[in-house]
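Participant:
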Amino acid sequence: MSTPSQACWLVRKVFDIRDWYLSIDSFANINNYCRKGQFNIQKAYTLARPQFQKVHWKALILGSTIPRYNFILWLALHHRITTVDRLAAWGIHVASGCVLCSSGKTEIMAHLFFECQYSRNIWSILLNWLGERHQIGLWEEEVVWLTKRAKNGRPRNSILAFLFAAVVYHTWTERNMHRFQGRKTETKSRIRDIVLQLHIKGQQKTKWKKILEGVNSFPL
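All letters in the sequence shown, in the order written, are residues 8 to 227 by my numbering.
1. Looking at C-beta atoms only, is the number of pairs between the region 152-172 and the region 96-107 that lie closer than 8 Å three or more?
2. Count the other CB atoms within 10 Å of the CB of residue 181; is the residue buried (16 or more) or exposed (fewer)?
3. With a cut-off of 8 Å on the beta carbons, I'd call residue 226 and residue 133 a contact; round off their distance for me.
4. Is it the case that the region 200-218 contacts the region 112-120, given that we only count it when at least three CB pairs across the two stretches are under 8 Å?
5. Could you compute how far the alpha carbon of residue 82 sits from the alpha carbon of residue 189?
6. Closer than 8 Å by C-beta to residue 33: which residues in its own chain qualify, once you throw out the five before and the five after it? Chain order, please.
7. By the 10 Å Cβ neighbour count, where 16 or more other Cβ atoms means buried, how is residue 95 classified, buried or exposed?
8. Is any non-hydrogen atom of the ligand COA found closer than 8 Å to the C-beta of residue 226, if you look at the structure I gave you?
9. With distance defined between alpha-carbon atoms, name the residue in 113, 137, 107 and 138 nearest to residue 127.
10. Sort 161, 149 and 170 by Cα distance to residue 136 and report the nearest one.
11. In the structure shown, what three-state DSSP assignment does residue 209 receive?
12. Exposed or buried, residue 224, counting other C-beta atoms within 10 Å across all chains shown (16 or more means buried)?
13. If you draw a straight line from the C-alpha of residue 122 to the C-alpha of residue 216, how long is it?
14. How close, in whole Å, do the beta carbons of residue 177 and residue 197 come, if the pair is a contact with beta carbons under 8 Å?
15. Within the same chain, show all residues whose beta-carbon is closer than 8 Å to that of residue 145, passing over the 5 residues directly before and after it, in chain order.
16. So for residue 75, helix, strand or coil by DSSP?
17. Tell me the residue span of the alpha helix (DSSP H) that contains residue 162.
18. With a floor of 4 residues, list each alpha helix (DSSP H) that falls wholly inside the region 101-165, ordered by position along the chain.
19. Using the Cβ count rule (16 or more neighbours within 10 Å means buried), how would you classify residue 44?
20. Kindly give me the distance between the Cβ atoms of residue 77 and residue 88, rounded to whole angstroms, as I take these residues to be in contact under 8 Å.
21. Output needed for residue 167: all residues of its chain with C-beta closer than 6 Å, excluding positions within five of it in sequence on either side, in chain order.
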């Protein structure tokens with residue numbers, strides 16, 4: 008029986024699922040979707056949805072951070088932030104030089120994080136403030152390093168993941184202000200805002216408090 012044309016969307020979905028079920032297995036073994044002899048909708052849903060390759064940086068996104076930080080970080084991890092090279096690919100042409108530093112280099116992901124002196128400086132100050140001895144690398148190197156740390160789940164590593172997301176967000180926000188509004192914020196103010204948000208978040212995390220109490224309230 009074909010899907011009735013006058014059927015509501017819910018009925019059409021039921022028929023679509025029937026067609027999908029029949030298409031994946033000519034014998035359609037219902038036992039594949041059963042648990043303890045009973046049909047299990049969770050198991051059917053898991054098998055029905057597309058299976059994508061897992062990303063290695065999942066721990067960075069699932070950490071305790073702020074939603075707006077997370078969103079920009081997610082875009083950056085997918086290389087989807089609209090840097091100059093991506094704008095050019097869409098036919099939007101703007102000055103190609105990085106607006107955050109005086110290097111004259113083209114604004115691409117690899118430069119913005121963390122070849123650009125602006126983002127590199129903020130990240131370095133925050134790492135030193137937290138007492139981390141780490142040689143800052145380029146974007147992919149930092150993602151690999153932070154991912155390994157974040158997977159551990161220790162409070163210090165969660166704080167690092169928070170700061171990383173914050174640096175990405177504030178660098179991107181500052182870039183947009185420079186490029187499209189002709190305004191800028193002092194680096195010191197950006198850092199203070201990041202640390203303030205960290206302290207606020209730390210009040211909700213008992214395990215963070217001891218670490219944050221052991222450092223200066225703000226980087227010197």
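Ideal Cβ positions, reconstructed from N, Cα and C, are used throughout, including at glycine.
Please read all numbers here as calculations on a predicted model, not as lab measurements.
Facilitator: If we stick to the structure as given:
1. Judged by Cβ distances under 8 Å, the region 152-172 makes no contact with the region 96-107, as fewer than three pairs qualify.
2. buried
3. 7 Å
4. Touching, no, given that fewer than three Cβ pairs across the two stretches are closer than 8 Å.
5. Going from the Cα of residue 82 to the Cα of residue 189 covers about 24 Å.
6. For residue 33, the predicted structure reports a pLDDT of 46, less than 50, and the residue's modelled location is therefore unreliable. The matter cannot be settled from this model.
7. exposed
8. Of ligands this structure carries none, so the ligand COA is not represented either.
9. Distance from the Cα of residue 127 is smallest, within the candidate group 113, 137, 107 and 138, for 107.
10. When only C-alpha atoms are compared, the closest one is 170.
11. For residue 209, the three-state secondary structure derived from DSSP is helix.
12. Label assigned to residue 224: exposed.
13. 32 Å
14. 5 Å
15. 117, 120, 121 and 122.
16. helix
17. 162-183
18. 124-137 and 146-159
19. exposed
20. About 14 Å; that fails the 8 Å criterion.
21. 156.
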